[in-house]
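If you use my numbering, the sequence shown closes out at 440, no skipped numbers anywhere.
The structure appears right after this line, and notes come after that.
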Amino acid sequence: MSKHVFSRGGDRLPVAARGSGAEIFDTDGRRYLDGSGGAIVVGIGHGVTEVADAIADQARSIAYVHGSAFTSGSLEAYAEELAPLLPMDDPHVYPVSGGSEAVETALKMARAFHLARGEDRHVIIGRAGAYHGNTRGALDVSGRPALRAPYLPWLGAAEHTTTPYEFRCPFPDSHPDACGPRHADALDALIEQTGPGQVAAFIAEPISGAALGGCVPPSDYWPAIAEVCRRHGVLLIADEVMTGFGRTGAWFGSDHFGLRPDLMVLAKGAASGYWPLGLAVASGHVHDELISGGFTHGFTYSHHVVGAAAGRAVLAHLREHDLVRASAERGDQLDTALRTKLGEHPSVGDIRGLGLLRGIELVADRRTAQPFARSERVIERVVVAGKERGVLLYPSTGCANGTDGDLVVLGPPLVVTPAQTEELASLTAAAIRDVLG
Ligand SMILES: Cc1ncc(COP(=O)(O)O)c(C=O)c1O
Numbered sequence: 004m005s006k007h008v009f010s011r012g013g014d015r016l017p018v019a020a021r022g023s024g025a026e027i028f029d030t031d032g033r034r035y036l037d038g039s040g041g042a043i044v045v046g047i048g049h050g051v052t053e054v055a056d057a058i059a060d061q062a063r064s065i066a067y068v069h070g071s072a073f074t075s076g077s078l079e080a081y082a083e084e085l086a087p088l089l090p091m092d093d094p095h096v097y098p099v100s101g102g103s104e105a106v107e108t109a110l111k112m113a114r115a116f117h118l119a120r121g122e123d124r125h126v127i128i129g130r131a132g133a134y135h136g137n138t139r140g141a142l143d144v145s146g147r148p149a150l151r152a153p154y155l156p157w158l159g160a161a162e163h164t165t166t167p168y169e170f171r172c173p174f175p176d177s178h179p180d181a182c183g184p185r186h187a188d189a190l191d192a193l194i195e196q197t198g199p200g201q202v203a204a205f206i207a208e209p210i211s212g213a214a215l216g217g218c219v220p221p222s223d224y225w226p227a228i229a230e231v232c233r234r235h236g237v238l239l240i241a242d243e244v245m246t247g248f249g250r251t252g253a254w255f256g257s258d259h260f261g262l263r264p265d266l267m268v269l270a271k272g273a274a275s276g277y278w279p280l281g282l283a284v285a286s287g288h289v290h291d292e293l294i295s296g297g298f299t300h301g302f303t304y305s306h307h308v309v310g311a312a313a314g315r316a317v318l319a320h321l322r323e324h325d326l327v328r329a330s331a332e333r334g335d336q337l338d339t340a341l342r343t344k345l346g347e348h349p350s351v352g353d354i355r356g357l358g359l360l361r362g363i364e365l366v367a368d369r370r371t372a373q374p375f376a377r378s379e380r381v382i383e384r385v386v387v388a389g390k391e392r393g394v395l396l397y398p399s400t401g402c403a404n405g406t407d408g409d410l411v412v413l414g415p416p417l418v419v420t421p422a423q424t425e426e427l428a429s430l431t432a433a434a435i436r437d438v439l440g
């Protein structure tokens with residue numbers, strides 16, 4: 004490995020050579036079953052030549068124009084095809100280069116929306132334990148202490164409320180029958196305390212992804228939260244960077260709850276790793292205010308022509324191969340297989356998720372849900388054991404208390420076959436047993 008690469012994974016990384024479906028091969032010919040699509044990115048699978056061709060065709064005719072000077076056939080067509088699928092009223096798509104950029108864009112849209120209406124609202128409320136990205140604004144609305152710690156002097160403008168986390172419900176006395184309204188009360192109280200005329204938006208994932216490993220909120224959560232936002236004139240931003248484009252067995256995570264956000268944030272599965280594409284989406288009423296009041300924002304690579312061609316080809320592939328339904332079916336299969344192989348394991352506290360977004364929470368004591376101490380680096384060791392066995396797993400730490408907490412997050416490409424789904428569950432269970440017995 005060149006010493007001139009600022010590596011994220013040390014100096015002994017295998018060299019990726021090619022991928023196909025849910026498999027990756029390195030230059031030594033080793034095969035890896037991709038249990039996580041990298042960071043839960045790859046929806047349509049590796050090696051889809053139609054997408055590569057769409058990118059090449061677009062780049063050959065015109066690769067780049069500035070978004071303020073030109074639109075493109077690819078972008079116009081992509082927005083037309085995507086809009087009817089989005090759980091929003093009259094959506095307007097603002098393409099960027101990834102999830103964090105999309106979050107930053109949505110936060111600014113929320114602020115600009117209120118300014119256009121003559122209201123100086125600026126506070127964004129996120130949730131404890133959430134992850135929305137690593138740029139400063141996105142990190143500020145995130146609630147993961149370990150990621151925030153080095154940068155705390157730069158953070159602090161956002162507020163954080165409670166997160167539905169059924170395995171460790173913050174309202175044990177109401178759990179499981181009435182915790183949704185308790186979360187809504189907590190948000191209501193925080194808005195009142197911050198000053199209702201101050202809060203611009205609330206941002207949350209419909210189903211928690213990387214940070215809490217597929218935590219599905221109770222059915223009374225989203226209706227109660229949406230009502231609080233509406234009552235206070237607070238815009239609701241659904242971060243579907245991870246849950247979008249079929250990952251949870253519906254087109255979007257919001258669809259499971261009938262949620263219709265004012266703003267949406269998408270990335271990852273949008274272009275499935277073939278292009279660094281993110282999307283901030285404004286519903287009609289937000290877009291119209293932004294147009295009338297002005298929206299001071301922009302990136303050199305926003306509205307990218309090739310990115311739109313990639314997103315469009317991925318969307319077509321998802322539809323043609325019915326991959327949203329496949330995600331629901333393979334997800335159920337994976338859940339059953341994981342429960343069969345790991346349901347009784349003394350270190351498995353919880354198996355959760357929807358579709359092909361699944362989390363396995365590892366605990367030191369299953370009865371008390373006591374997490375392992377971070378110093379034991381349990382999940383790091385499980386991921387290494389998995390890689391040695393030829394399966395790629397996505398780790399997450401800190402779910403239990405901000406520091407401790409070990410999660411295996413599974414999110415294979417939606418094209419994973421039934422046999423590979425069984426293999427994924429077996430290899431994951433074996434990797435956990437390698438470390439925890
Ligand atoms: C829910 C969510 N939002 C935002 C992001 C940030 O996306 P990116 O890493 O593309 O900047 C992520 C990344 O994992 C995410 O899971």
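Just so it is clear, CB atoms sit at the ideal spot from N, CA and C, and this is done for glycine as well.
* To do: From the DSSP output, in three-state form, read off glutamate 364 for me.
  => strand
* Separation of leucine 337 from alanine 428, as counted between CA atoms -> 7 Å
* Just how far apart, CA to CA, sit glycine 440 and glycine 352? -> Those two C-alpha atoms are separated by around 15 Å.
* To do: Any chance you could list the alpha helix (DSSP H) runs of at least 4 consecutive residues sitting entirely within the stretch 326 to 397, in chain order?
  => 326 to 345 and 381 to 392
* CA-CA distance, threonine 108 and alanine 283? -> 6 Å
* Determine the burial state of aspartate 143: buried for a count of at least 16 other Cβ atoms within 10 Å of its Cβ, exposed for fewer. => Classification for aspartate 143: buried.
* Exposed or buried, which one is phenylalanine 73 when buried takes at least 16 other CB atoms within 10 Å? -> exposed
* To do: Leaving out five residues on either side along the sequence, give the residues of the same chain with a beta carbon under 7 Å from the beta carbon of phenylalanine 116.
  => Leu238, Val289, Glu292 and Leu293
* To do: Taking only heavy atoms of ligand 1 into account, decide whether any of them is closer than 7 Å to the Cβ of glycine 212.
  => yes
* Return helix, strand or coil for arginine 15, following the three-state DSSP convention. => coil
* Asked: alanine 207 lies in the beta strand (DSSP E); which residues open and close that run?
  -> 202 to 207
* **glutamate 426: first and last residue of the uninterrupted beta strand (DSSP E) it sits in** => Premise fails: glutamate 426 lies in the alpha helix (DSSP H), 421 to 439, not in any beta strand (DSSP E).
* **Reference threonine 303, options Val99, Gly24, Pro17 and Ile43, closest by Cα** => When each option's Cα is compared against that of threonine 303, the closest is Val99.
* Asked: Using the beta-carbon count (16 or more within 10 Å), is tryptophan 157 buried or exposed?
  -> Result: exposed.
* Asked: Less than 8 Å separating the beta-carbons of leucine 266 and glycine 310?
  -> In this structure, glycine 310 does not lie closer than 8 Å to leucine 266 by Cβ.
* Quick one: measure Cβ to Cβ for valine 381 and leucine 396, integer angstroms, because I've assumed they're closer than 8 Å. => So it is not a contact: roughly 12 Å between Cβ atoms.
* Asked: According to DSSP, what are the bridge partners of tyrosine 97?
  -> Paired residues: Ala283.
* Cβ of serine 103 versus every heavy atom of ligand 1: is any distance shorter than 7 Å? -> yes
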